[in-house]
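Novice: Residue numbers (the numbering used here): 262 to 641. Questions regarding the structure given below will be posed in turn.
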Ligand SMILES: NC(=O)c1ccc[n+]([C@@H]2O[C@H](COP(=O)([O-])OP(=O)(O)OC[C@H]3O[C@@H](n4cnc5c(N)ncnc54)[C@H](O)[C@@H]3O)[C@@H](O)[C@H]2O)c1
């Protein structure tokens, strides 16, 4: 049986509603600056799965609407005391954002390996229907085969905007819409920047940034029409701080974080969620990868596994990361930093940027020293 939801609009003495907070499964945090916006948000919630009793005026002149959701009671406060209201919003945000993946449709790019594959497996375990996409079609198919729930695979190079749109449209049309898009496909290019060419820059921008842009351009307008959806852009801890010897990579990931955080705010009132997933080193094949073979060679490149371990600790298991990432997506976390130790380090680093600079500088020096010793060893 559906539990009743109540949303009570309490106009402040000045008459302007400041904040609305709804919590319970199936809902989302709603913030509004006027009553019309409150009602628009409520109607969008209703269209995405609730039902309602008519809006009523209480004896105190308060507008009241009772919603029926598979969730619990919702109260909002709007009494003109902005700071306390904001605080109460923050306190209930965790509850407000929780959703489930059961029956949802999810598209994942770069789903044939590593983080993308782990996200596909975890989404399917939580009963989502997944479209696994990858430039490596065989890898995508191998992942999709084990998923069930009507999941399937398609080859997709995220650099191809038209192909992205086509794959997304077909999947969404077949399944009554798209609930989740994980813009995950990405590559790493490393080395001393003075040895990297514009071709290196173009390649990584095309995949790591334009690939994400293509996903957003394909899915976001549809999600706005649907009045629901969540875009999760896989950035990196390298998108939140310095990543020397990985400068083009860091540049694309910072851009993805900026895109995500800006769109998140723009999209919220339209019922769409946007998150940036920012993992530290995760145990995936990217740690063993080299720069793309068809690009000009460099005299050396940092050993990704060793260097990232120096920067942020040993790689974290990818399946654990995917579980924690989806928990955070369900909670609509804005910037999902994983694992927890990296999150702590990131928070500390924001307070102590000079410490970050000093530690990263030491990691670079150690990596360069190892390069030199390798050269000596190979000569001896
Ligand atoms: N593993 C880590 O330590 C780590 C940390 C932070 C962020 N990330 C990010 O996570 C994402 C996934 O990386 P991963 O570690 O799973 O690497 P991975 O190499 O295991 O997987 C990347 C996948 O992307 C696919 N891909 C590459 N180019 C593509 C293209 N043009 N179109 C479509 N698919 C393409 C590859 O075929 C591969 O299946 C990347 O965006 C990466 O930057 C990884």
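Glycine included, every Cβ here is placed at the ideal spot set by N, Cα and C.
Compare the beta carbon distance of residue 439 and residue 500 with 8 Å and say whether it is the shorter of the two.
Specialist: On the chain shown, residue 439 is found 178 positions in, with the first residue counted as 1. On the chain shown, residue 500 is found 239 positions in, with the first residue counted as 1. Not a contact, by the Cβ cut-off of 8 Å.
Novice: Let's test the definition: count the other Cβ atoms within 10 Å of the Cβ of residue 328 and tell me whether it reaches 16, buried, or not, exposed.
Specialist: For the purposes of this step, residue 328 is identified with residue 67 of the chain shown, where counting begins at 1. With a pLDDT of 30 at residue 328, under the threshold of 50, the modelled position of this residue cannot be trusted; read the value that follows with caution. By the 10 Å Cβ count, residue 328 comes out buried.
Novice: Beta-carbon within less than 8 Å of residue 390's beta-carbon, same chain only, minus the 5 sequence neighbours each way: which residues are those?
Specialist: What you label residue 390 is simply residue 129 of the chain shown in a count that begins at 1. Cβ neighbours of residue 390 beyond the five flanking positions: 364, 365, 366, 367, 410, 411, 412 and 436.
Novice: By the three-class DSSP mapping on this structure, what secondary structure does residue 441 have?
Specialist: Locating residue 441 in the chain shown gives position 180, where the first residue counts as 1. Strand, per DSSP.
Novice: Provide the residue(s) that pair with residue 368 in DSSP beta bridges, ordered along the chain.
Specialist: As a working note, residue 368 is residue 107 in the chain shown. Answer is 392 and 442.
Novice: Short of 6 Å in beta carbon distance, which residues of its chain neighbour residue 598, apart from the five on each side in sequence? Order them along the chain.
Specialist: Here residue 598 refers to the residue found at position 337 of the chain shown. Correct list, in chain order: 539, 604 and 607.
Novice: In the DSSP assignment, the alpha helix (DSSP H) including residue 526 goes from what residue to what residue?
Specialist: Along the chain shown, read from residue 1 onward, the residue named residue 526 stands at position 265. Where residue 526 is concerned, the enclosing alpha helix (DSSP H) stretches over 508 to 529.
Novice: Measuring straight from C-alpha to C-alpha, what distance separates residue 317 and residue 536?
Specialist: Looking up residue 317 in the chain shown gives position 56. Looking up residue 536 in the chain shown gives position 275. With a pLDDT of 28 at residue 317, under the threshold of 50, the predicted position of this residue should be treated as unreliable, though the coordinate-derived value follows. Roughly 35 Å separates the two Cα atoms.
Novice: Helix or strand or just coil, what does DSSP make of residue 599?
Specialist: To locate residue 599, count along the chain shown from 1; it is residue 338. If DSSP states are grouped into helix, strand and coil, residue 599 belongs with the strands.
Novice: As a quick exercise: from 519, 590, 495 and 479, pick the residue whose alpha carbon is nearest that of residue 387.
Specialist: Along the chain shown, read from residue 1 onward, the residue named residue 387 stands at position 126. Taking only the C-alpha atoms, the option nearest residue 387 is 590.
Novice: Under the three-state reduction of DSSP, which class applies to residue 594: helix, strand or coil?
Specialist: As a position in the chain shown, residue 594 is number 333, starting the count at 1. Residue state, collapsed to three classes: coil.
Novice: Quick one: what's got a C-beta closer than 7 Å to residue 475's C-beta in the same chain, skipping five residues either side?
Specialist: Within the chain shown, numbered from 1, the residue matching residue 475 stands at position 214. Cβ neighbours of residue 475 beyond the five flanking positions: 419, 422 and 425.
Novice: In the DSSP assignment, the alpha helix (DSSP H) including residue 491 goes from what residue to what residue?
Specialist: Position 230 of the chain shown, counted from the start, is the residue given in the question as residue 491. Per DSSP, residue 491 belongs to no alpha helix (DSSP H); it is in the beta strand (DSSP E), 491 to 495.
Novice: By alpha-carbon positions, which one of 463, 613 and 472 ends up nearest to residue 494?
Specialist: On the chain shown, residue 494 is found 233 positions in, with the first residue counted as 1. When only C-alpha atoms are compared, the closest one is 472.
Novice: Okay, do the region 545 to 552 and the region 438 to 458 touch, 3+ Cβ pairs below 8 Å being the bar?
Specialist: Yes, they touch.
Novice: So, with DSSP's three-state summary, where would you put residue 629?
Specialist: Here the question's residue 629 lines up with position 368 in the chain shown. In the structure shown, residue 629 sits in a helix (DSSP, three-state: H, G or I).
Novice: Could you spell out the range, first to last residue, of the alpha helix (DSSP H) harbouring residue 566?
Specialist: Looking up residue 566 in the chain shown gives position 305. Looking at the DSSP string, the run of the alpha helix (DSSP H) that includes residue 566 is 565 to 573.
Novice: Please report how far the alpha carbon of residue 401 lies from the alpha carbon of residue 430, in whole angstroms.
Specialist: On the chain shown, position 140 is the one that residue 401 refers to. On the chain shown, position 169 is the one that residue 430 refers to. Going from the Cα of residue 401 to the Cα of residue 430 covers about 18 Å.
Novice: Taking the alpha-carbon positions, what's the residue 488 to residue 523 distance?
Specialist: Within the chain shown, the letter at position 227 stands for residue 488. Within the chain shown, the letter at position 262 stands for residue 523. Going by the C-alpha atoms only, they are around 18 Å apart.
Novice: Helix, strand or coil: which one does DSSP assign to residue 543?
Specialist: Walking along the chain shown from the start, residue 543 turns up at place 282. If DSSP states are grouped into helix, strand and coil, residue 543 belongs with the strands.
Novice: What is the residue span of the beta strand (DSSP E) that residue 419 lies within?
Specialist: As a position in the chain shown, residue 419 is number 158, starting the count at 1. No beta strand (DSSP E) contains residue 419, which DSSP labels as neither H nor E.
Novice: Beta carbon of residue 552: closer than 7 Å to some heavy atom of ligand 1?
Specialist: Mapped onto the chain shown, residue 552 falls at position 291. No, Cβ of residue 552 sits at least 7 Å from all heavy atoms of ligand 1.
Novice: Residue 466 and residue 394: beta carbons closer than 8 Å?
Specialist: Taking the chain shown and counting its residues from 1, one reaches residue 466 at position 205. Taking the chain shown and counting its residues from 1, one reaches residue 394 at position 133. Contact: no.
Novice: Assuming contact is defined by CB atoms lying nearer than 8 Å, are residue 568 and residue 624 in contact in what I supplied?
Specialist: Locating residue 568 in the chain shown gives position 307, counting from the first residue. Locating residue 624 in the chain shown gives position 363, counting from the first residue. Going by C-beta atoms, residue 568 is nearer than 8 Å to residue 624.
Novice: Does DSSP put residue 534 in a helix, a strand or coil?
Specialist: Against the chain shown, residue 534 aligns to sequence position 273. The answer is strand: DSSP assigns residue 534 an E or B state.
Novice: Report yes if the CB atom of residue 584 is closer than 8 Å to the CB atom of residue 376, and no otherwise.
Specialist: Position 323 of the chain shown holds residue 584. Position 115 of the chain shown holds residue 376. Cβ distance not < 8 Å, so residue 584 and residue 376 don't count as in contact.
Novice: Just to confirm the assignment, what range does the alpha helix (DSSP H) spanning residue 383 have?
Specialist: Start at 1 with the first residue of the chain shown, and residue 383 comes out as number 122. It spans 375 to 386 - the alpha helix (DSSP H) in which residue 383 sits, taken as one unbroken run.
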